[in-house]
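Contents: one structure, followed by commentary.
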Amino acid sequence: MASVKDRLAKAMIEDAEARGLISAEKTHIIEPTSGNTGLGLALVAASKGYRITLVMPESASIERRAMMGHLGAELVLTPAAAGMSGAIKQAEALADEDKNAWIPGQFVNPVNPLVHVETTGNELWVDTEGKLDAVVAGIGTGGTISGIAQTLHQRNSEIKIFGVEPQESHVLTGGEPGPHGIQGIGAGFKPEILDLPEIEKVIAVKTEDALKTARLIARTEGIAAGISGGAALVAAIALAKQPEWAGKTIAVIIPDFAGRYLSTALFEQQS
């Protein structure tokens, strides 16, 4: 499905299966999501024969909703103003009513960072031949950035890890939660699995800057990044412009592609 969350979805389901917690014959998977983890879960659930219900804010893109339905998932929308917290509460309420329900719990499940310890972090190290100075990644659940940080710091403690959150909801940098347009990051609270001590700094990025940069990178580099990828690029470019980072190698995590945002503000300016 072309998202960094696909490996997480597969890992959470297979971990629960291995521990005897779920089976396709009886389990109803229910998960709150902003989109990408839900899509990954829907894909894995379909391939294994699970019933799945995904709960997401109504602000999520039409493309994500349509693809979830295409994969056979049931979809419950929650008020955009309630953010991810609202989706989580609704998912928990639905699970309370179904004795066969299982919530993967991407915001609290230790499998989330672990899968990136085992995969993404190692891939970054191998692909750069260990010649890596920094990684910039958006913070949604915190699993991707935490797993990457743990793996890379085991190999080289000097590698700097920079997180990215929306300026309009910069909870991790001391602000208040609020509405923003960078789908996939900025949940409005500090996720339980986020390993902040491993992160050098969290950089707040405006939604409009993320959109502009995602459009720019598509037209100048042929990289059709999603909005959160645009946000990570804003932070990485700002970092690279600092004199002390001249000549350094900075990796940027682009979690998904622009095709998931055709109905959003990302495509409003095509001139």
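Read in order, the letters of the sequence shown correspond to residues 1 to 271 in full-length UniProt numbering.
All residues carry an ideal CB built from backbone N, CA and C; glycine is no exception.
Where residue i sits in the DSSP three-state scheme
{"i": "H28", "result": "strand"}
{"i": "E123", "result": "helix"}
{"i": "P197", "result": "helix"}
{"i": "I148", "result": "helix"}
{"i": "T78", "result": "strand"}
{"i": "R19", "result": "coil"}
{"i": "F189", "result": "coil"}
{"i": "F107", "result": "coil"}
{"i": "I139", "result": "coil"}
{"i": "A172", "result": "Inspection of the sequence shows that residue 172 is occupied by Leu rather than by Ala. L172 falls in the helix class under three-state DSSP."}
{"i": "T33", "result": "coil"}
{"i": "V4", "result": "coil"}
{"i": "I13", "result": "helix"}
{"i": "A246", "result": "coil"}
{"i": "G134", "result": "Reading off the sequence, residue 134 comes out as Ala, not Gly. A134 falls in the strand class under three-state DSSP."}
{"i": "A224", "result": "coil"}
{"i": "A73", "result": "coil"}
Residue i and residue j closer than 9 Å at C-beta
{"i": "L71", "j": "A42", "result": "yes"}
{"i": "P191", "j": "G229", "result": "no"}
{"i": "I161", "j": "A187", "result": "no"}
{"i": "N36", "j": "R260", "result": "yes"}
{"i": "I159", "j": "I199", "result": "no"}
{"i": "L77", "j": "P104", "result": "no"}
{"i": "A11", "j": "V171", "result": "no"}
{"i": "A231", "j": "V202", "result": "no"}
{"i": "Q150", "j": "S61", "result": "no"}
{"i": "I185", "j": "I139", "result": "yes"}
Delimiting residues of the alpha helix (DSSP H) encompassing residue i
{"i": "A232", "result": "I227 to A240"}
{"i": "E208", "result": "T207 to E221"}
{"i": "V115", "result": "V111 to E118"}
{"i": "E63", "result": "I62 to H70"}
Of the listed residues the options, nearest to residue i (C-alpha basis)
{"i": "E63", "options": "A258, A95 and E268", "result": "A258"}
{"i": "A82", "options": "I145, A9, G105 and P179", "result": "P179"}
{"i": "R51", "options": "I13, T220 and G20", "result": "I13"}
{"i": "Q90", "options": "T53, N112 and I237", "result": "T53"}
{"i": "Q269", "options": "E244, V234 and A214", "result": "A214"}
{"i": "D96", "options": "A238, A236, G226 and H28", "result": "H28"}
{"i": "S34", "options": "K26, A66 and A87", "result": "A87"}
{"i": "T141", "options": "T249, P113, T119 and V117", "result": "P113"}
{"i": "A251", "options": "D133, T119, V55 and G181", "result": "D133"}
{"i": "G40", "options": "N109, A73 and T264", "result": "A73"}
{"i": "L233", "options": "P243, E17, L94 and I217", "result": "I217"}
{"i": "G121", "options": "D98, N109, I185 and H153", "result": "H153"}
{"i": "H116", "options": "A9, D209 and D98", "result": "A9"}
{"i": "A66", "options": "S85, A45 and G38", "result": "G38"}
{"i": "T128", "options": "L262, F267, T264 and K248", "result": "K248"}
{"i": "L239", "options": "V135, E118 and D15", "result": "V135"}
Environment of residue i [buried if 16+ CB atoms lie within 10 Å]
{"i": "S3", "result": "buried"}
{"i": "F107", "result": "buried"}
{"i": "G49", "result": "exposed"}
{"i": "Q167", "result": "buried"}
{"i": "P79", "result": "exposed"}
{"i": "N156", "result": "exposed"}
{"i": "L194", "result": "buried"}
{"i": "A47", "result": "It should be noted that the sequence gives Ser, not Ala, for residue 47. S47 is exposed by the Cβ-count criterion."}
{"i": "L124", "result": "buried"}
{"i": "E165", "result": "buried"}
{"i": "K241", "result": "exposed"}
{"i": "residue 284", "result": "With the chain covering 1 to 271 only, the question about residue 284 has no answer from this structure."}
{"i": "V126", "result": "exposed"}
{"i": "A93", "result": "exposed"}
{"i": "P32", "result": "buried"}
{"i": "R19", "result": "exposed"}
{"i": "G130", "result": "exposed"}
{"i": "L211", "result": "buried"}
Extent of the continuous beta strand (DSSP E) run through residue i
{"i": "E165", "result": "K160 to P166"}
{"i": "A251", "result": "I250 to V252"}
{"i": "L88", "result": "In the sequence under discussion, the amino acid at residue 88 is Ile, which differs from the Leu named in the question. Element bounds for I88: not the beta strand (DSSP E) but the alpha helix (DSSP H), G83 to D96."}
{"i": "R51", "result": "R51 to P57"}
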